[in-house]
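In what follows, a single structure is set out as structure tokens and then discussed.
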Amino acid sequence: MTSRFSINATIGELIDNLFIEKWSTEMNYSSYFHECSPLYCSYTYIQKKSSFIYTITILLGLQGGLSIVLTWLCPKIVRIASKVNDYRKKRTNSIHPINSLEITPNVTLSTTIHNPACNSESTPTHIISQTNVTTSIRCSWKILLGCLLLISVIVVLTIFSFYVARQAPLCKLNFRPISINISAAASGDLMFAVADFNDDNRADIAFFCYDDKSLNILLINSDETFTVGNIFNKGSFPSKRQMEVGDFNNDNRVDLLFTIHDVNYVNILFGNGNATFRVRNITLGTTKCMPDYIVAVDFNHDNYSDIAVINTENSNVCVFLGNVNETFSSQLMFSTGYRSEPKSLTVSDFNSDGHIDIAVTNNRALNVGIFLGFGNGTFEAQKRSFTFIGSNPSHIVSGDFDSDARLDTAISDHNSNIVIVLSKYINGFFTVKKKFIMKSNVVAPIVVGDFNCDNHLDIATTGEPYGIDVLLGYGEGYFETQNILFDKLVRYGAIIGVYDFNDDTYQDIIVANPESGSIDILLNICECNVRRIPKRKMSNFS
15 MTSRFSINAT IGELIDNLFI EKWSTEMNYS SYFHECSPLY CSYTYIQKKS SFIYTITILL
75 GLQGGLSIVL TWLCPKIVRI ASKVNDYRKK RTNSIHPINS LEITPNVTLS TTIHNPACNS
135 ESTPTHIISQ TNVTTSIRCS WKILLGCLLL ISVIVVLTIF SFYVARQAPL CKLNFRPISI
195 NISAAASGDL MFAVADFNDD NRADIAFFCY DDKSLNILLI NSDETFTVGN IFNKGSFPSK
255 RQMEVGDFNN DNRVDLLFTI HDVNYVNILF GNGNATFRVR NITLGTTKCM PDYIVAVDFN
315 HDNYSDIAVI NTENSNVCVF LGNVNETFSS QLMFSTGYRS EPKSLTVSDF NSDGHIDIAV
375 TNNRALNVGI FLGFGNGTFE AQKRSFTFIG SNPSHIVSGD FDSDARLDTA ISDHNSNIVI
435 VLSKYINGFF TVKKKFIMKS NVVAPIVVGD FNCDNHLDIA TTGEPYGIDV LLGYGEGYFE
495 TQNILFDKLV RYGAIIGVYD FNDDTYQDII VANPESGSID ILLNICECNV RRIPKRKMSN
555 FS
């Protein structure tokens with residue numbers, strides 16, 4: 015065989031060359047990132063907007079801005095030009111004699127002209143007054159400076175009007191608060207889930223209390239009052255970590271799913287359809303899939319809710335597929351990267367292929383990982399999108415925040431007032447990232463809804479010290495901050511959710527306040543009503 019080594023090469027020479035005949039180098043950064051799993055990777059992306067539609071949009075926006083500015087400026091420009099023109103005419107028609115001859119009554123002036131046509135020559139005299147030159151120069155400088163100032167004003171106003179024209183008019187958020195005192199039924203930290211638990215087509219609220227370890231329910235009655243019911247007595251449940259809803263046995267009844275502290279299994283309460291439940295402990299694989307955060311969704315299109323969990327310590331995502339007999343398959347494990355410390359996950363169809371995908375926040379790795387689903391419960395290897403150095407990515411939600419028909423993600427930066435929006439999803443990566451400043455430090459999960467009824471998604475969260483902060487979306491990836499409630503109504507440790515409680519098509523907000531022992535429902539008044547949906551009669555909760 016052909017070899018690069020000679021037939022007399024020694025064993026020592028072969029060892030020095032690692033017994034390798036040929037080195038082959040291939041440069042593939044994405045493969046390197048996947049194999050080596052570095053903590054973070056940054057790059058610069060320059061987006062070129064050169065499409066025909068974008069060009070037409072810019073020209074129309076510029077035309078709209080110019081029409082507003084020039085309507086105000088043109089009359090002033092004409093008046094200034096008219097004054098300048100009048101001034102120039104006055105300067106041109108003025109007579110400034112250079113040599114004057116004073117004639118007195120006692121002087122007789124005699125002039126004799128000899129053959130004026132042939133003997134006299136006309137010689138022009140170029141004598142200019144120094145005073146006139148100085149005045150003309152000063153006037154020219156004033157005109158030039160005035161023109162420059164006028165041009166600057168036109169440019170600034172044009173840019174400002176173009177920016178204002180592209181922003182949608184916003185509505186001041188207005189909510190009607192309804193407070194439900196639950197201190198008699200439970201005390202301590204709260205978590206809740208909202209669904210129709212008794213099949214009456216009205217949203218009910220199930221809530222769990224950490225201190226007394228009890229599970230209770232708030233049922234909305236036909237007269238629009240609440241009835242507090244106890245599902246499991248105090249002390250009957252271990253300390254729960256998270257609550258989700260799903261249909262795990264395909265009986266069209268809402269089931270409850272719980273994660274439990276420091277154990278490798280979950281509780282599932284199978285609903286009976288009358289606000290009662292039966293308990294079943296489902297073991298979730300090994301300790302490598304000890305659930306820290308959990309979602310329930312149908313990954314494989316069999317109408318049974320499946321379970322996806324993250325385990326922060328082992329840095330992985332585990333998927334359990336629901337079976338017909340109320341059991342689950344063995345875990346499918348997907349790595350999020352060595353010591354990446356995933357904190358939260360959300361599920362959506364990010365690549366629009368009809369299959370549910372998974373997105374996770376990798377706290378220590380400073381990125382968002384996307385697992386693209388195949389529709390059978392399996393997923394591609396993780397593709398990572400970097401946030402920024404110094405960030406602390408925590409909770410994640412998804413939605414189309416820039417109205418481009420592609421799903422984006424919003425991430426809260428734990429214990430800071432920053433919300434990060436990753437958008438422009440292409441082939442597994444988010445190509446645009448923006449940071450938005452909230453008034454309060456984000457201390458709770460963020461939620462998504464359309465709170466000002468303009469058909470653009472908004473982002474809300476609770477924080478300190480300003481209660482509930484909302485990023486109102488313009489629909490093009492731009493947001494403006496508004497505040498709904500002050501801290502006197504929303505305390506530290508409060509969690510929020512978004513639902514339509516009174517069936518008026520407007521997004522309401524529910525707030526669980528452990529310090530005050532209450533659950534507050536904020537009914538959205540939505541006075542703008544941009545969608546032109548007729549308002550229904552508002553429910554009078556008591």
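Numbering (the numbering used here), first residue to last: 15 to 556. Heads up, the beta-carbon is just placed ideally off N, CA and C, and yes, glycines get one too.
To the nearest angstrom, how far is it from the Cα of residue i to the Cα of residue j?
i	j	result
residue 29	residue 18	14 Å
residue 260	residue 432	32 Å
residue 507	residue 528	7 Å
residue 191	residue 171	42 Å
residue 534	residue 219	11 Å
residue 386	residue 370	7 Å
residue 333	residue 74	49 Å
residue 204	residue 531	9 Å
residue 242	residue 319	28 Å
residue 34	residue 255	54 Å
residue 389	residue 314	5 Å
residue 279	residue 427	29 Å
residue 266	residue 399	37 Å
residue 20	residue 40	27 Å
residue 283	residue 263	11 Å
residue 268	residue 286	8 Å
residue 491	residue 292	45 Å
residue 331	residue 484	30 Å
residue 559	residue 346	Residue 559 lies beyond the stretch modelled for the chain, which goes from 15 to 556, so this question has no answer here.
residue 206	residue 257	7 Å
residue 95	residue 165	14 Å
residue 86	residue 449	36 Å
residue 335	residue 326	21 Å
residue 418	residue 437	9 Å
residue 196	residue 169	59 Å
Looking at the structure shown, is residue i part of a helix, part of a strand, or coil, going by DSSP?
i	result
residue 396	coil
residue 193	strand
residue 35	coil
residue 46	helix
residue 438	strand
residue 541	coil
residue 97	helix
residue 513	strand
residue 70	helix
residue 203	coil
residue 521	coil
residue 77	helix
residue 169	helix
residue 356	strand
residue 23	coil
residue 91	helix
residue 367	coil
residue 448	strand
residue 83	helix
residue 28	helix
residue 157	helix
residue 335	coil
residue 346	strand
Are there 16 or more other CB atoms within 10 angstroms of the CB of residue i, so buried, or fewer, so exposed?
i	result
residue 303	buried
residue 22	exposed
residue 90	exposed
residue 395	exposed
residue 391	buried
residue 475	buried
residue 198	exposed
residue 27	exposed
residue 348	buried
residue 100	exposed
residue 517	exposed
residue 470	buried
residue 66	exposed
Just to confirm the assignment: which complete beta strand (DSSP E) runs, minimum length 3, are found wholly within the region 465-491? For the region 465-491, the full-length beta strand (DSSP E) segments reaching 3 residues or more read 472-478, 481-487 along the chain.
Quick check for students: name the residue ranges of the beta strand (DSSP E) that lie wholly in the region 251-327, counting only runs of 3 or more. Taken in chain order, the complete beta strand (DSSP E) segments of 3 residues or longer contained in the region 251-327 are 254-260, 269-274, 279-285, 291-297, 307-311, 320-325.
With a floor of 3 residues, list each beta strand (DSSP E) that falls wholly inside the region 373-427, ordered by position along the chain. Entirely contained in the region 373-427, the beta strand (DSSP E) runs reaching 3 residues are, in chain order, 381-385, 397-400, 407-413, 422-427.
When the Cβ atoms of the region 293-311 are set against those of the region 347-362, are three or more pairs found closer than 8 Å? Touching, yes.
Cβ contact check for the region 365-384 and the region 453-463: 3 or more pairs under 8 Å: Flag = no, the region 365-384 and the region 453-463 do not touch.
Pairs of beta-carbons, one from the region 456-471 and one from the region 405-424, closer than 8 Å: are there three or more? Pairwise C-beta distances place the region 456-471 in contact with the region 405-424, as three or more of them are shorter than 8 Å.
Looking at C-beta atoms only, is the number of pairs between the region 205-217 and the region 228-240 that lie closer than 8 Å three or more? Under the Cβ criterion (8 Å, minimum of three pairs), the region 205-217 counts as touching the region 228-240.
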